[in-house]
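Residue numbers (the UniProt record's numbering): 1 to 450.
Accompanying notes for the structure given below.
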């Protein structure tokens, strides 16, 4: 495009970036998915999220070094394209795009379950449809409008988690002798590892789903004011806050009610809501359900934003049709938003036909795509480091203990694939090489046509 063509605008401030990154990582994985993990791991879920948070932090620092060095559209797909080759750029970009189509579908499906907490008679597909339209309209507005909507949606859940932790501590401190609320619940009912270490180990794959989305900050790099200052601050502070929110909130909640006395379904109920409901504090349960609903809406909102910017980045590389790199006068890539929305709409159909299984299907497909995404980020960062070393360039925000931490992340991701393989999700793992081959074929075809 020439210099007079509309372009993306740097209108996202530090507060927007902070909450966008945090909003993407605090959603269904914590509020709903943790129910399934608690049943298997018990209180050791706290250690599991600590491990997952460490891995997420290492990945974010690797990604952060690259995006501070070059704050561009398309993020790690751009870096794969520049430092590795055209197919890695194609693979990374389209895998991430598909990943966030699935994430948005997952969060919309979860919203249907939160609505059913109040109105069980409302069909899941109808709830999904209503919120799908709302998210699409928010993403068709200019980026500042998106930033504001995501700021307030994320702020609601951040304030809610902090308030819930404080309220939970108050209930623990003021509990009488007949109350079940006690910090000893973390070890008194079968121990911290009630089902042995295996109970935690085999849930790590499910826990990593909760941290999917923390890399959303990279998608906003090209629209961020003062990226040299705001991105490092957001990377470091966001990860610390996620650590606190996940670990502190679960430690407090599992102290209020013994983990083995929680009436949880597989993925049908949020432990955050059910704990207060079982304690007879219905107003807190209803308030939390509303807040958790906004949390999923926030992640879905960020997912559609990430999709459109990745699609735009792919188009600028020549890895997607040129139509997708066009933006309107407000700086919004309308065609990229609408195409992404069209695919996300399929979750309405999924919830119409299999509402009771839709969420579990989506979560494990998302984990497989996320593992590939995280592995690619670490591999791309290795290529990036090799390139800048040859050019004798020193970056402003270097990753921690690279390249050792890159190899550590890659080994951990292979372990996650092993867990999925042994826990009944062999098909998801087998689909990864098939997916890579399919993308290679599409890359060869598109190279001739785009």
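Beta carbons: idealized from backbone N, C-alpha and C, even for Gly.
Rounded to whole angstroms, what is the Cα-Cα separation between residue i and residue j?
i           : j           : result
residue 123 : residue 112 : 8 Å
residue 171 : residue 420 : 38 Å
residue 283 : residue 136 : 31 Å
residue 295 : residue 241 : 16 Å
residue 318 : residue 343 : 21 Å
residue 147 : residue 436 : 33 Å
residue 423 : residue 260 : 22 Å
residue 40  : residue 277 : 21 Å
residue 181 : residue 128 : 36 Å
residue 413 : residue 434 : 18 Å
residue 312 : residue 333 : 7 Å
residue 330 : residue 217 : 21 Å
residue 394 : residue 229 : 17 Å
residue 387 : residue 307 : 28 Å
residue 399 : residue 178 : 50 Å
residue 199 : residue 271 : 18 Å
residue 336 : residue 153 : 23 Å
residue 120 : residue 114 : 9 Å
residue 384 : residue 227 : 19 Å
residue 401 : residue 372 : 22 Å
residue 346 : residue 61  : 34 Å
residue 166 : residue 102 : 34 Å
residue 300 : residue 131 : 9 Å
residue 453 : residue 134 : In this structure the chain extends from 1 to 450, so residue 453 is not present and cannot be described.
residue 370 : residue 305 : 17 Å
residue 56  : residue 202 : 18 Å
residue 320 : residue 339 : 12 Å
residue 104 : residue 66  : 26 Å
Does the beta-carbon of residue i have 16 or more other beta-carbons within 10 angstroms, so that it is buried, or is it exposed?
i           : result
residue 341 : buried
residue 109 : buried
residue 418 : exposed
residue 273 : buried
residue 444 : exposed
residue 325 : buried
residue 390 : exposed
residue 460 : The structure shown does not extend to residue 460, since the chain is modelled only from 1 to 450, so the question has no answer here.
residue 404 : exposed
residue 138 : buried
residue 71  : buried
residue 168 : buried
residue 280 : exposed
residue 38  : buried
residue 79  : buried
residue 302 : buried
residue 426 : exposed
residue 440 : exposed
For residue i, which residues of its own chain have a beta-carbon under 8 Å away from its beta-carbon, when the five flanking residues on both sides are left out?
i           : result
residue 232 : 64, 68, 396 and 397
residue 186 : 43, 46, 192, 251, 254 and 255
residue 310 : 74, 75, 77, 93, 96, 97, 100 and 219
residue 59  : 214, 215, 374, 377, 378 and 409
residue 204 : 48, 51, 52, 415, 416 and 419
residue 392 : none
Go through its chain and collect everything with a Cβ distance to residue i's Cβ below 7 Å, but skip five positions before and after it.
i           : result
residue 157 : 26, 291, 294, 295 and 298
residue 442 : none
residue 382 : 403 and 406
residue 429 : 368, 417, 420 and 421
residue 322 : 315
Only counting the same chain, and skipping five residues up and downstream in sequence, which positions put a Cβ closer than 6 Å to that of residue i?
i           : result
residue 243 : 53
residue 215 : 63
residue 189 : 258 and 260
residue 446 : none
Closer than 7 Å to a non-hydrogen atom of the ligand GTP - does that hold for the CB of residue i?
i           : result
residue 296 : For the structure depicted, the ligand GTP is absent and the ligand set is empty, with no information on it obtainable.
query = Counting pairs of Cβ atoms below 8 Å between the stretch 231-246 and the stretch 74-91, do you hit three or more?
reply = no
ask   = Any chance the stretch 49-64 sits against the stretch 205-212, with 3 or more Cβ pairs inside 8 Å?
value = yes
key: contact_flag[the stretch 242-255, the stretch 151-165] where n(CB pairs < 8 Å) is 3 or more   = yes
message = With a threshold of 8 Å, are at least 3 pairs of Cβ atoms found where one atom belongs to the stretch 174-192 and the other to the stretch 284-292?
response = no
task = Report yes or no: do three or more beta-carbon pairs, one from the stretch 90-97 and one from the stretch 405-421, lie closer than 8 Å?
result = no
task = Pick out the complete alpha helix (DSSP H) segments inside the stretch 40-92, 4 residues or longer, and give them in chain order.
result = 45-69 and 75-83
request  = Write down every uninterrupted run of the beta strand (DSSP E) in the stretch 297-333 whose length is 3 residues or greater and which is fully enclosed by it, in chain order.
outcome  = none
inquiry  = Report the start-end ranges of each alpha helix (DSSP H) in the stretch 160-248 that is 4 residues or longer and not cut off at the edges.
reply    = 196-201 and 204-211
Start-end ranges of the alpha helix (DSSP H) lying completely within the stretch 92-144, minimum 4 residues = 124-140
request  = Go through the stretch 363-443 residue by residue and report every complete run of the beta strand (DSSP E) that reaches 3 residues or more, in order.
outcome  = none
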